[in-house]
Amino acid sequence: MSQEKAIKSALISVYSKDGLAPIVKQLDQLGVTIYSTGGTQKFINELDVNVVPVEDVTSYPSILGGRVKTLHPKVFGGILNRQENHQDVAELEAFEIPQIDAVIVDLYPFENTVASGASHNDIIEKIDIGGISLIRAAAKNYADVICVSSVDDYAEFLSIITEKNGVTSEEDRKQFAAKAFNVSSHYDTAIFNYFNSDSSISALKISHGNGKVLRYGENPHQKGFFFGDFEAMFSKLHGKELSYNNLLDVDAAVNLMNEFKGDPPTFAILKHNNACGLAQRSSIKQAYIDALAGDPISAFGGILISNTEIDANTAEEIHKLFCEVVIAPSFSDAALEILKGKKNRILLVQNNVKLPNTIVRTCLNGTLVQDRDDKTDTANDLTNATERTPSSTELDDLIFASKICKHTKSNTIVLAKNKQLCASGTGQTSRVDALNQAIHKATSFNFDLNGAVMASDAFFPFPDCVEIAEKAGITAVIQPGGSIKDQLSIDYCNANNVAMVLTGTRHFKH
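Here this note's numbering is used: the first residue of the sequence shown is 1, the next is one more, and so on.
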(Lines of atoms letter the chains of each structure in order from A; the text may use other names.)
(Lines give C-alpha, C1' and ligand atoms only; values in the text may rest on other atoms or scores of the structure.)
Protein backbone atom coordinates (compact mmCIF):
# COMPACT_ATOMS: atom_id res chain seq x y z
CA MET A 1 0.00 0.00 0.00
CA SER A 2 1.37 3.38 -0.98
CA GLN A 3 1.72 5.65 2.02
CA GLU A 4 1.26 8.86 0.05
CA LYS A 5 -1.50 9.75 -2.39
CA ALA A 6 -1.76 12.72 -4.70
CA ILE A 7 -5.21 14.27 -4.89
CA LYS A 8 -6.23 14.30 -8.56
CA SER A 9 -9.98 14.56 -8.05
CA ALA A 10 -12.28 15.84 -5.32
CA LEU A 11 -16.01 15.74 -4.60
CA ILE A 12 -17.27 18.79 -2.70
CA SER A 13 -20.78 18.95 -1.24
CA VAL A 14 -21.08 21.23 1.79
CA TYR A 15 -23.62 23.18 3.81
CA SER A 16 -21.21 25.81 5.18
CA LYS A 17 -19.15 27.63 2.57
CA ASP A 18 -17.16 29.61 5.17
CA GLY A 19 -13.48 29.05 4.44
CA LEU A 20 -14.19 26.91 1.38
CA ALA A 21 -13.03 29.36 -1.29
CA PRO A 22 -9.27 29.06 -0.52
CA ILE A 23 -9.55 25.25 -0.69
CA VAL A 24 -11.32 25.35 -4.04
CA LYS A 25 -8.75 27.77 -5.48
CA GLN A 26 -5.83 25.70 -4.18
CA LEU A 27 -7.29 22.49 -5.63
CA ASP A 28 -7.82 24.26 -8.93
CA GLN A 29 -4.24 25.52 -8.90
CA LEU A 30 -3.04 21.95 -8.36
CA GLY A 31 -5.02 20.79 -11.40
CA VAL A 32 -7.49 18.74 -9.37
CA THR A 33 -10.76 17.78 -11.08
CA ILE A 34 -13.62 19.03 -8.90
CA TYR A 35 -17.06 17.41 -8.80
CA SER A 36 -20.01 19.05 -7.10
CA THR A 37 -23.74 19.60 -7.10
CA GLY A 38 -26.44 22.06 -6.04
CA GLY A 39 -25.51 25.13 -4.04
CA THR A 40 -21.89 24.07 -3.68
CA GLN A 41 -21.53 23.77 -7.47
CA LYS A 42 -22.97 27.25 -7.87
CA PHE A 43 -20.54 28.61 -5.26
CA ILE A 44 -17.56 27.09 -7.10
CA ASN A 45 -18.78 28.43 -10.43
CA GLU A 46 -18.94 31.92 -8.94
CA LEU A 47 -15.26 31.56 -8.02
CA ASP A 48 -14.59 31.15 -11.75
CA VAL A 49 -13.26 27.62 -11.15
CA ASN A 50 -14.11 24.70 -13.40
CA VAL A 51 -16.42 22.17 -11.78
CA VAL A 52 -17.97 18.97 -13.14
CA PRO A 53 -21.64 18.58 -12.13
CA VAL A 54 -22.31 15.24 -10.42
CA GLU A 55 -25.25 14.86 -12.81
CA ASP A 56 -22.74 14.62 -15.69
CA VAL A 57 -21.13 11.65 -13.95
CA THR A 58 -24.32 9.83 -12.97
CA SER A 59 -26.41 10.83 -16.00
CA TYR A 60 -29.15 11.36 -13.46
CA PRO A 61 -30.56 14.68 -12.20
CA SER A 62 -31.03 15.76 -8.61
CA ILE A 63 -34.51 14.51 -7.67
CA LEU A 64 -37.13 14.71 -4.92
CA GLY A 65 -36.48 18.35 -4.19
CA GLY A 66 -32.76 17.73 -3.71
CA ARG A 67 -33.18 14.77 -1.36
CA VAL A 68 -31.28 12.54 -3.83
CA LYS A 69 -28.20 14.00 -5.50
CA THR A 70 -25.05 11.98 -4.85
CA LEU A 71 -26.57 8.61 -3.91
CA HIS A 72 -25.41 6.71 -6.99
CA PRO A 73 -22.98 3.82 -7.74
CA LYS A 74 -20.89 6.05 -9.98
CA VAL A 75 -20.26 8.35 -7.04
CA PHE A 76 -19.76 5.76 -4.33
CA GLY A 77 -17.84 3.44 -6.62
CA GLY A 78 -15.38 6.27 -7.20
CA ILE A 79 -14.94 6.68 -3.46
CA LEU A 80 -14.99 3.07 -2.24
CA ASN A 81 -12.80 1.39 -4.83
CA ARG A 82 -9.48 -0.01 -3.62
CA GLN A 83 -6.93 1.50 -5.94
CA GLU A 84 -4.53 -1.42 -5.68
CA ASN A 85 -7.23 -4.03 -6.19
CA HIS A 86 -7.11 -5.02 -9.87
CA GLN A 87 -10.74 -6.15 -9.91
CA ASP A 88 -11.90 -2.81 -8.49
CA VAL A 89 -9.84 -0.89 -11.05
CA ALA A 90 -11.22 -3.01 -13.88
CA GLU A 91 -14.80 -2.40 -12.77
CA LEU A 92 -14.21 1.35 -12.64
CA GLU A 93 -13.01 1.24 -16.22
CA ALA A 94 -15.87 -0.99 -17.34
CA PHE A 95 -18.56 1.21 -15.82
CA GLU A 96 -16.80 4.50 -16.56
CA ILE A 97 -16.62 5.48 -12.92
CA PRO A 98 -14.20 8.33 -12.10
CA GLN A 99 -11.74 7.87 -9.25
CA ILE A 100 -12.37 10.27 -6.33
CA ASP A 101 -9.38 11.01 -4.06
CA ALA A 102 -10.88 13.58 -1.70
CA VAL A 103 -14.37 14.11 -0.31
CA ILE A 104 -15.26 17.42 1.35
CA VAL A 105 -18.57 17.50 3.19
CA ASP A 106 -20.25 19.71 5.79
CA LEU A 107 -23.56 18.32 7.03
CA TYR A 108 -26.93 20.02 7.34
CA PRO A 109 -27.04 21.69 10.81
CA PHE A 110 -29.48 19.29 12.47
CA GLU A 111 -28.69 20.25 16.09
CA ASN A 112 -28.87 23.97 15.39
CA THR A 113 -32.21 23.49 13.67
CA VAL A 114 -33.61 21.64 16.69
CA ALA A 115 -32.23 24.30 19.06
CA SER A 116 -33.82 27.07 16.99
CA GLY A 117 -37.31 25.78 17.80
CA ALA A 118 -38.03 24.94 14.15
CA SER A 119 -41.05 22.86 13.18
CA HIS A 120 -40.85 19.07 13.09
CA ASN A 121 -40.98 19.06 9.29
CA ASP A 122 -38.11 21.55 9.03
CA ILE A 123 -36.08 19.45 11.45
CA ILE A 124 -36.68 16.30 9.40
CA GLU A 125 -35.48 18.05 6.25
CA LYS A 126 -32.23 18.86 8.04
CA ILE A 127 -31.37 15.17 8.47
CA ASP A 128 -28.51 14.79 6.01
CA ILE A 129 -28.56 11.56 4.01
CA GLY A 130 -26.19 11.99 1.10
CA GLY A 131 -23.58 13.84 3.13
CA ILE A 132 -23.42 11.30 5.95
CA SER A 133 -23.15 8.50 3.38
CA LEU A 134 -20.28 10.24 1.61
CA ILE A 135 -18.48 10.72 4.93
CA ARG A 136 -18.78 7.08 5.93
CA ALA A 137 -17.68 5.82 2.52
CA ALA A 138 -14.65 8.11 2.28
CA ALA A 139 -13.58 7.49 5.87
CA LYS A 140 -13.88 3.72 5.45
CA ASN A 141 -11.59 3.90 2.41
CA TYR A 142 -9.03 6.16 4.10
CA ALA A 143 -6.27 4.02 2.56
CA ASP A 144 -6.94 5.82 -0.70
CA VAL A 145 -9.27 8.76 0.06
CA ILE A 146 -9.06 11.72 2.41
CA CYS A 147 -12.35 12.80 3.98
CA VAL A 148 -12.94 16.34 5.22
CA SER A 149 -16.15 16.03 7.22
CA SER A 150 -16.72 19.43 8.80
CA VAL A 151 -16.18 23.14 8.29
CA ASP A 152 -14.04 22.92 11.43
CA ASP A 153 -11.43 20.96 9.45
CA TYR A 154 -11.24 23.18 6.36
CA ALA A 155 -8.22 25.12 7.60
CA GLU A 156 -6.20 22.02 8.49
CA PHE A 157 -6.96 20.41 5.11
CA LEU A 158 -5.97 23.59 3.29
CA SER A 159 -2.67 23.64 5.17
CA ILE A 160 -1.92 20.04 4.15
CA ILE A 161 -2.63 20.45 0.45
CA THR A 162 -0.76 23.76 0.34
CA GLU A 163 2.36 22.58 2.13
CA LYS A 164 2.46 19.16 0.42
CA ASN A 165 1.27 20.22 -3.05
CA GLY A 166 -1.89 18.12 -2.87
CA VAL A 167 -0.26 14.98 -1.49
CA THR A 168 -1.62 13.28 1.65
CA SER A 169 0.03 10.70 3.85
CA GLU A 170 -1.71 7.66 5.24
CA GLU A 171 -1.38 9.26 8.69
CA ASP A 172 -3.21 12.35 7.39
CA ARG A 173 -5.99 10.28 5.88
CA LYS A 174 -6.42 8.08 8.96
CA GLN A 175 -6.59 11.11 11.25
CA PHE A 176 -9.25 12.71 9.06
CA ALA A 177 -11.12 9.38 8.96
CA ALA A 178 -11.24 9.33 12.77
CA LYS A 179 -12.64 12.86 12.73
CA ALA A 180 -15.17 11.80 10.12
CA PHE A 181 -16.51 8.89 12.18
CA ASN A 182 -16.66 11.22 15.18
CA VAL A 183 -18.79 13.61 13.12
CA SER A 184 -21.07 10.86 11.83
CA SER A 185 -21.58 9.17 15.21
CA HIS A 186 -22.29 12.52 16.91
CA TYR A 187 -24.76 13.42 14.16
CA ASP A 188 -26.63 10.12 14.49
CA THR A 189 -26.70 10.46 18.28
CA ALA A 190 -28.35 13.87 17.99
CA ILE A 191 -30.98 12.49 15.62
CA PHE A 192 -31.70 9.50 17.87
CA ASN A 193 -32.06 11.70 20.96
CA TYR A 194 -34.49 13.95 19.09
CA PHE A 195 -36.69 11.00 18.13
CA ASN A 196 -36.32 9.44 21.58
CA SER A 197 -37.10 12.61 23.53
CA ASP A 198 -39.75 10.73 25.51
CA SER A 199 -37.22 7.99 26.42
CA SER A 200 -39.54 5.33 24.99
CA ILE A 201 -36.44 3.39 23.98
CA SER A 202 -34.23 2.48 26.94
CA ALA A 203 -30.91 3.45 25.41
CA LEU A 204 -28.29 5.98 26.47
CA LYS A 205 -26.61 7.97 23.71
CA ILE A 206 -24.28 10.77 24.76
CA SER A 207 -21.95 12.64 22.44
CA HIS A 208 -19.88 15.75 23.05
CA GLY A 209 -17.57 16.88 20.30
CA ASN A 210 -15.76 19.65 22.12
CA GLY A 211 -13.68 17.92 24.79
CA LYS A 212 -11.16 19.91 26.81
CA VAL A 213 -8.05 18.35 28.34
CA LEU A 214 -7.66 19.42 31.98
CA ARG A 215 -4.38 19.70 33.86
CA TYR A 216 -5.33 16.51 35.69
CA GLY A 217 -8.34 14.82 37.26
CA GLU A 218 -9.41 14.81 40.89
CA ASN A 219 -5.78 14.14 41.83
CA PRO A 220 -2.53 14.88 39.95
CA HIS A 221 -1.96 11.22 39.01
CA GLN A 222 -5.37 11.04 37.24
CA LYS A 223 -6.09 12.26 33.72
CA GLY A 224 -9.03 14.65 33.41
CA PHE A 225 -11.28 15.91 30.61
CA PHE A 226 -14.34 18.12 30.35
CA PHE A 227 -16.84 17.47 27.59
CA GLY A 228 -19.40 20.22 27.12
CA ASP A 229 -19.84 23.81 26.04
CA PHE A 230 -18.37 25.74 28.97
CA GLU A 231 -18.34 28.96 26.94
CA ALA A 232 -22.12 28.77 26.56
CA MET A 233 -22.53 28.54 30.35
CA PHE A 234 -20.00 31.19 31.34
CA SER A 235 -17.99 34.15 30.15
CA LYS A 236 -14.59 33.80 31.78
CA LEU A 237 -13.27 37.27 32.56
CA HIS A 238 -10.09 36.52 34.45
CA GLY A 239 -7.91 33.91 36.10
CA LYS A 240 -6.21 30.59 35.56
CA GLU A 241 -7.65 27.54 33.83
CA LEU A 242 -10.34 25.73 35.79
CA SER A 243 -9.36 22.37 37.23
CA TYR A 244 -11.43 19.18 37.47
CA ASN A 245 -12.25 19.96 41.11
CA ASN A 246 -13.04 23.59 40.27
CA LEU A 247 -15.58 22.42 37.71
CA LEU A 248 -17.27 20.09 40.21
CA ASP A 249 -17.52 22.93 42.73
CA VAL A 250 -18.79 25.36 40.09
CA ASP A 251 -21.47 22.82 39.14
CA ALA A 252 -22.53 22.49 42.77
CA ALA A 253 -22.57 26.27 43.18
CA VAL A 254 -24.69 26.85 40.09
CA ASN A 255 -27.22 24.19 41.07
CA LEU A 256 -27.49 25.58 44.59
CA MET A 257 -27.89 29.20 43.50
CA ASN A 258 -30.56 28.23 40.97
CA GLU A 259 -32.78 27.70 44.02
CA PHE A 260 -32.48 31.42 44.79
CA LYS A 261 -32.92 32.81 41.28
CA GLY A 262 -35.07 35.95 41.43
CA ASP A 263 -34.80 36.12 45.24
CA PRO A 264 -33.37 39.08 47.19
CA PRO A 265 -29.54 39.34 47.17
CA THR A 266 -28.14 35.92 48.08
CA PHE A 267 -24.53 34.84 48.42
CA ALA A 268 -23.10 31.35 48.87
CA ILE A 269 -19.64 29.98 49.60
CA LEU A 270 -18.94 26.34 48.76
CA LYS A 271 -16.15 23.92 49.54
CA HIS A 272 -15.95 20.38 48.20
CA ASN A 273 -19.41 20.68 46.63
CA ASN A 274 -21.16 21.70 49.88
CA ALA A 275 -22.23 25.12 51.09
CA CYS A 276 -20.18 26.30 54.06
CA GLY A 277 -21.82 29.72 54.08
CA LEU A 278 -25.02 31.18 52.64
CA ALA A 279 -27.07 34.23 53.47
CA GLN A 280 -29.83 36.36 51.99
CA ARG A 281 -29.90 40.06 52.77
CA SER A 282 -31.06 43.44 51.46
CA SER A 283 -27.63 44.08 49.90
CA ILE A 284 -25.20 41.67 48.27
CA LYS A 285 -22.35 43.02 50.40
CA GLN A 286 -24.15 42.11 53.61
CA ALA A 287 -25.18 38.77 52.15
CA TYR A 288 -21.51 38.00 51.48
CA ILE A 289 -20.37 39.15 54.95
CA ASP A 290 -23.00 36.96 56.64
CA ALA A 291 -22.30 33.98 54.35
CA LEU A 292 -18.61 34.22 55.28
CA ALA A 293 -19.53 34.31 58.97
CA GLY A 294 -21.05 30.86 58.57
CA ASP A 295 -17.59 29.29 58.34
CA PRO A 296 -14.69 31.67 57.67
CA ILE A 297 -12.21 28.79 57.97
CA SER A 298 -13.72 26.56 55.28
CA ALA A 299 -14.25 29.58 53.02
CA PHE A 300 -10.49 29.73 52.39
CA GLY A 301 -9.92 28.50 48.84
CA GLY A 302 -13.66 28.19 48.26
CA ILE A 303 -16.05 28.87 45.40
CA LEU A 304 -18.16 32.03 45.73
CA ILE A 305 -21.43 32.67 43.91
CA SER A 306 -23.96 35.51 43.90
CA ASN A 307 -27.47 35.68 42.47
CA THR A 308 -27.04 39.36 41.58
CA GLU A 309 -24.37 41.74 40.30
CA ILE A 310 -21.27 42.10 42.45
CA ASP A 311 -20.49 45.76 43.09
CA ALA A 312 -17.29 47.47 44.22
CA ASN A 313 -18.18 47.45 47.92
CA THR A 314 -18.76 43.70 47.86
CA ALA A 315 -15.63 43.14 45.78
CA GLU A 316 -13.52 44.95 48.38
CA GLU A 317 -14.74 42.47 51.02
CA ILE A 318 -14.23 39.45 48.74
CA HIS A 319 -10.73 40.61 47.86
CA LYS A 320 -9.66 40.08 51.48
CA LEU A 321 -10.32 36.33 51.09
CA PHE A 322 -8.29 33.80 49.15
CA CYS A 323 -10.83 32.12 46.91
CA GLU A 324 -10.57 30.03 43.74
CA VAL A 325 -13.64 31.17 41.79
CA VAL A 326 -16.19 33.99 41.94
CA ILE A 327 -19.42 33.58 39.93
CA ALA A 328 -22.11 36.20 39.34
CA PRO A 329 -24.64 37.27 36.70
CA SER A 330 -22.46 40.38 36.25
CA PHE A 331 -19.70 42.45 37.82
CA SER A 332 -19.50 46.24 37.92
CA ASP A 333 -16.42 47.69 36.22
CA ALA A 334 -15.05 48.82 39.56
CA ALA A 335 -15.63 45.37 41.09
CA LEU A 336 -13.77 43.72 38.20
CA GLU A 337 -10.80 46.00 38.66
CA ILE A 338 -10.61 45.07 42.34
CA LEU A 339 -11.10 41.32 41.90
CA LYS A 340 -8.56 41.10 39.09
CA GLY A 341 -5.99 42.10 41.68
CA LYS A 342 -5.30 38.38 42.23
CA LYS A 343 -3.99 37.02 38.92
CA ASN A 344 -5.16 33.43 39.45
CA ARG A 345 -8.62 34.24 40.80
CA ILE A 346 -11.21 32.92 38.32
CA LEU A 347 -14.05 35.33 37.55
CA LEU A 348 -17.08 33.92 35.75
CA VAL A 349 -20.20 35.61 34.44
CA GLN A 350 -22.97 33.04 34.43
CA ASN A 351 -25.11 33.03 31.32
CA ASN A 352 -28.76 32.04 31.30
CA VAL A 353 -28.37 28.48 30.03
CA LYS A 354 -30.70 25.61 30.88
CA LEU A 355 -28.99 22.70 32.61
CA PRO A 356 -29.50 19.12 31.34
CA ASN A 357 -32.66 17.34 32.45
CA THR A 358 -30.78 14.16 33.36
CA ILE A 359 -27.91 13.28 35.68
CA VAL A 360 -25.42 10.69 34.39
CA ARG A 361 -22.65 8.92 36.31
CA THR A 362 -20.63 5.76 35.94
CA CYS A 363 -21.51 2.84 38.22
CA LEU A 364 -19.76 -0.53 38.39
CA ASN A 365 -19.31 -1.57 34.75
CA GLY A 366 -22.15 0.58 33.52
CA THR A 367 -23.92 3.91 33.85
CA LEU A 368 -26.64 5.31 36.11
CA VAL A 369 -29.08 7.85 34.71
CA GLN A 370 -31.76 9.75 36.58
CA ASP A 371 -33.94 12.84 36.22
CA ARG A 372 -32.54 16.02 37.71
CA ASP A 373 -34.04 16.81 41.12
CA ASP A 374 -36.06 19.82 39.97
CA LYS A 375 -38.40 19.77 42.95
CA THR A 376 -38.01 22.81 45.22
CA ASP A 377 -40.00 22.70 48.43
CA THR A 378 -42.41 25.61 48.81
CA ALA A 379 -44.88 26.66 51.47
CA ASN A 380 -47.68 25.13 49.39
CA ASP A 381 -46.03 21.70 49.67
CA LEU A 382 -45.95 21.66 53.45
CA THR A 383 -48.16 19.72 55.81
CA ASN A 384 -48.27 20.83 59.43
CA ALA A 385 -47.50 17.75 61.51
CA THR A 386 -47.60 19.36 64.96
CA GLU A 387 -50.06 21.27 67.08
CA ARG A 388 -47.98 24.44 66.76
CA THR A 389 -47.54 25.80 63.26
CA PRO A 390 -44.40 27.72 62.30
CA SER A 391 -44.39 31.50 62.57
CA SER A 392 -43.93 33.45 59.33
CA THR A 393 -40.25 33.98 60.19
CA GLU A 394 -39.76 30.31 60.97
CA LEU A 395 -41.55 29.34 57.76
CA ASP A 396 -39.26 31.53 55.66
CA ASP A 397 -36.23 30.02 57.38
CA LEU A 398 -37.54 26.48 56.90
CA ILE A 399 -37.88 26.96 53.13
CA PHE A 400 -34.46 28.62 53.08
CA ALA A 401 -32.87 25.71 54.96
CA SER A 402 -34.65 23.14 52.82
CA LYS A 403 -33.13 24.62 49.63
CA ILE A 404 -29.65 24.31 51.10
CA CYS A 405 -30.33 20.82 52.42
CA LYS A 406 -31.32 19.62 48.95
CA HIS A 407 -27.84 20.47 47.65
CA THR A 408 -25.81 19.11 50.58
CA LYS A 409 -24.27 15.64 50.67
CA SER A 410 -26.32 13.05 52.58
CA ASN A 411 -26.79 12.36 55.37
CA THR A 412 -27.24 16.01 56.14
CA ILE A 413 -28.78 18.33 58.66
CA VAL A 414 -28.95 22.08 57.98
CA LEU A 415 -29.40 24.71 60.70
CA ALA A 416 -30.50 28.21 59.69
CA LYS A 417 -31.72 31.40 61.30
CA ASN A 418 -32.83 34.72 59.84
CA LYS A 419 -32.00 33.61 56.25
CA GLN A 420 -28.46 32.65 57.22
CA LEU A 421 -26.83 29.23 57.21
CA CYS A 422 -25.62 28.64 60.75
CA ALA A 423 -24.07 25.25 60.01
CA SER A 424 -24.64 21.93 58.32
CA GLY A 425 -23.63 18.36 59.03
CA THR A 426 -22.58 16.87 55.69
CA GLY A 427 -22.00 13.38 54.37
CA GLN A 428 -22.42 11.59 57.68
CA THR A 429 -23.30 7.90 58.06
CA SER A 430 -25.98 8.72 60.61
CA ARG A 431 -28.41 11.61 60.90
CA VAL A 432 -27.55 12.00 64.59
CA ASP A 433 -23.88 12.45 63.67
CA ALA A 434 -24.87 15.03 61.06
CA LEU A 435 -26.92 16.97 63.62
CA ASN A 436 -24.22 16.85 66.27
CA GLN A 437 -21.67 18.03 63.71
CA ALA A 438 -23.90 20.95 62.72
CA ILE A 439 -24.54 22.00 66.33
CA HIS A 440 -20.86 21.80 67.22
CA LYS A 441 -19.91 23.83 64.17
CA ALA A 442 -22.57 26.49 64.75
CA THR A 443 -21.62 26.99 68.39
CA SER A 444 -17.91 27.10 67.55
CA PHE A 445 -18.64 30.12 65.32
CA ASN A 446 -20.75 31.73 68.09
CA PHE A 447 -24.18 31.27 66.53
CA ASP A 448 -27.11 31.49 68.91
CA LEU A 449 -29.33 28.58 67.91
CA ASN A 450 -32.26 29.69 70.03
CA GLY A 451 -35.08 30.22 67.51
CA ALA A 452 -33.15 28.55 64.68
CA VAL A 453 -34.71 25.94 62.38
CA MET A 454 -33.56 22.51 61.25
CA ALA A 455 -33.87 20.85 57.84
CA SER A 456 -33.27 17.18 57.15
CA ASP A 457 -32.85 15.56 53.71
CA ALA A 458 -34.73 12.43 54.83
CA PHE A 459 -37.11 11.29 57.54
CA PHE A 460 -36.27 10.70 61.22
CA PRO A 461 -36.61 6.99 62.08
CA PHE A 462 -36.38 7.85 65.79
CA PRO A 463 -37.10 10.95 67.90
CA ASP A 464 -33.43 11.36 68.94
CA CYS A 465 -32.71 14.08 66.38
CA VAL A 466 -35.61 16.33 67.31
CA GLU A 467 -34.75 15.87 70.97
CA ILE A 468 -31.10 16.88 70.43
CA ALA A 469 -32.19 19.81 68.24
CA GLU A 470 -34.77 21.10 70.73
CA LYS A 471 -32.24 21.02 73.56
CA ALA A 472 -29.88 23.11 71.35
CA GLY A 473 -32.60 25.77 70.87
CA ILE A 474 -34.20 24.70 67.58
CA THR A 475 -37.87 25.72 67.42
CA ALA A 476 -39.01 24.45 64.00
CA VAL A 477 -38.21 21.45 61.81
CA ILE A 478 -38.74 20.62 58.14
CA GLN A 479 -38.37 17.04 56.91
CA PRO A 480 -39.91 14.74 54.28
CA GLY A 481 -41.70 12.40 56.66
CA GLY A 482 -42.52 8.86 55.68
CA SER A 483 -41.08 6.86 58.56
CA ILE A 484 -43.31 4.30 60.17
CA LYS A 485 -42.21 5.96 63.42
CA ASP A 486 -42.92 9.56 62.38
CA GLN A 487 -45.34 9.92 65.27
CA LEU A 488 -42.55 9.50 67.85
CA SER A 489 -40.80 12.62 66.54
CA ILE A 490 -44.10 14.47 66.22
CA ASP A 491 -45.05 13.59 69.79
CA TYR A 492 -41.75 14.92 71.12
CA CYS A 493 -42.22 18.16 69.20
CA ASN A 494 -45.75 18.57 70.53
CA ALA A 495 -44.55 17.99 74.07
CA ASN A 496 -41.83 20.64 73.70
CA ASN A 497 -43.56 23.34 71.61
CA VAL A 498 -41.51 22.65 68.46
CA ALA A 499 -43.22 23.16 65.10
CA MET A 500 -42.72 20.47 62.46
CA VAL A 501 -43.72 20.52 58.79
CA LEU A 502 -43.53 17.64 56.31
CA THR A 503 -42.65 18.10 52.65
CA GLY A 504 -43.41 14.61 51.37
CA THR A 505 -40.23 14.79 49.22
CA ARG A 506 -36.88 13.28 50.09
CA HIS A 507 -33.73 14.99 48.79
CA PHE A 508 -30.90 12.48 49.08
CA LYS A 509 -27.63 13.55 47.45
CA HIS A 510 -24.88 10.98 47.08
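No residue lacks a Cβ here, since even glycine has one placed at the ideal position from N, Cα and C.
> What are the boundary residues of the alpha helix (DSSP H) that includes PHE110?
Replying inline: 110-115
>> Taking the alpha-carbon of THR503 as reference, which of THR443, ASP377 and VAL453 has the nearest alpha-carbon?
In response: ASP377
> Measuring CB to CB, does TYR108 end up less than 8 angstroms from GLY131?
Replying inline: yes
> Within this structure, are the beta carbons of ASP101 and LYS5 separated by less than 8 angstroms?
Replying inline: yes
>> Taking the straight line between their C-alpha atoms, what separation do you get for THR358 and HIS407?
In response: 16 angstroms
>> Can you list, in chain order, the residues of its chain with a C-beta nearer than 7 angstroms to that of ASN344? Leave out the 5 residues immediately preceding and following it.
In response: GLY239 and LYS240
> Is it a yes or a no for the segment 362-370 touching the segment 331-346, going by three-plus beta-carbon pairs under 8 angstroms?
Replying inline: no
>> With a threshold of 6 angstroms on Cβ separation, who are the neighbours of TYR35 within its own chain once the five nearest residues in sequence on each side are excluded?
In response: LEU11, VAL52 and VAL54
> Hey, would you say LEU525 sits closer than 8 angstroms to ILE327, going by beta carbons?
Replying inline: Given a span of 1 to 510 for the chain in the structure shown, any question on residue 525 remains unanswerable.
> What residues in its chain sit with their C-beta under 7 angstroms from that of MET1, if we drop five residues either side in the sequence?
Replying inline: Bear in mind that a pLDDT of 45 at MET1, under 50, signals an unreliable position, so the model cannot answer this.
> What is the DSSP secondary structure of LYS17, reduced to helix, strand or coil?
Replying inline: coil
>> On the CB-based measure, 16 or more other CB atoms within 10 Å of its CB, does ILE346 come out buried or exposed?
In response: buried
> Roughly how many angstroms lie between the CA atoms of ALA287 and ASN411, to the nearest whole one?
Replying inline: 27 angstroms
> Tell me which same chain residues have a C-beta within less than 6 angstroms of the C-beta of THR58, skipping the five on either side of it?
Replying inline: HIS72 and LYS74
> Going by DSSP, which residues form a beta bridge with PHE234?
Replying inline: GLN350
> With respect to the beta strand (DSSP E) encompassing ILE303, which residues constitute its N-terminal and C-terminal limits?
Replying inline: 302-306
> Under the rule that 16 or more other beta-carbon atoms within 10 Å means buried, what is PRO265, buried or exposed?
Replying inline: buried
> By how many angstroms is the C-alpha of ALA452 removed from the C-alpha of ASN418?
Replying inline: 8 angstroms
>> Which same chain residues end up closer than 6 angstroms to ASP28 when comparing Cβ atoms and leaving out the 5 residues on each side of it in sequence?
In response: VAL49
> Counting along the chain, where does the alpha helix (DSSP H) carrying ASN274 start and finish?
Replying inline: Premise fails: ASN274 lies in the beta strand (DSSP E), 274-280, not in any alpha helix (DSSP H).
>> So, for ALA469: in the same chain, excluding its five sequence neighbours on each side, which residues have a beta-carbon less than 6 angstroms away from its beta-carbon?
In response: MET454
>> Could you tell me the alpha carbon to alpha carbon distance between ILE289 and ALA334, rounded to whole angstroms?
In response: 19 angstroms
> Below 8 angstroms, can you find three or more Cβ-Cβ pairs linking the segment 492-508 to the segment 465-482?
Replying inline: yes
> Where does MET1 fall in DSSP's three states?
Replying inline: Low confidence applies to MET1: its pLDDT is 45, below 50, so where it sits in the model is not reliable, and the reading given next is rough at best. Three-state DSSP puts MET1 in coil, outside helix and strand.
> For CYS147, which residues does DSSP report across the bridge?
Replying inline: VAL103
> Taking buried to mean at least 16 other C-beta atoms within 10 Å of its own C-beta, is ASP374 buried or exposed?
Replying inline: exposed
> Is it right to say ALA429 is buried, meaning 16 or more other beta carbons lie within 10 angstroms of its own, or is it exposed?
Replying inline: Looking at the sequence provided, one finds Thr at residue 429 rather than Ala. Its Cβ having fewer than 16 others within 10 Å, THR429 is exposed.
> With respect to the alpha helix (DSSP H) encompassing VAL167, which residues constitute its N-terminal and C-terminal limits?
Replying inline: Where VAL167 is concerned, there is no enclosing alpha helix (DSSP H), although the beta strand (DSSP E) it sits in stretches over 167-169.
> Is the segment 269-276 touching the segment 211-229 in the sense that three or more CB pairs, one from each, lie closer than 8 angstroms?
Replying inline: no
> First and last residue of the beta strand (DSSP E) that includes THR40?
Replying inline: First-last for THR40: 38-46, but that is the alpha helix (DSSP H), not the beta strand (DSSP E).
> So what does DSSP say about ILE269, is it helix, strand or coil?
Replying inline: strand
>> Is the beta carbon of LEU421 closer than 8 angstroms to that of LEU256?
In response: no
> Which residues does DSSP pair with VAL501 in a beta bridge?
Replying inline: ASN384 and ILE478
> Relative to the C-alpha of SER184, which residue among CYS147, HIS510, HIS507 and ASP457 is closest?
Replying inline: CYS147
> For ALA379, which residues of its own chain have a beta-carbon under 8 angstroms away from its beta-carbon, when the five flanking residues on both sides are left out?
Replying inline: LEU395 and ILE399
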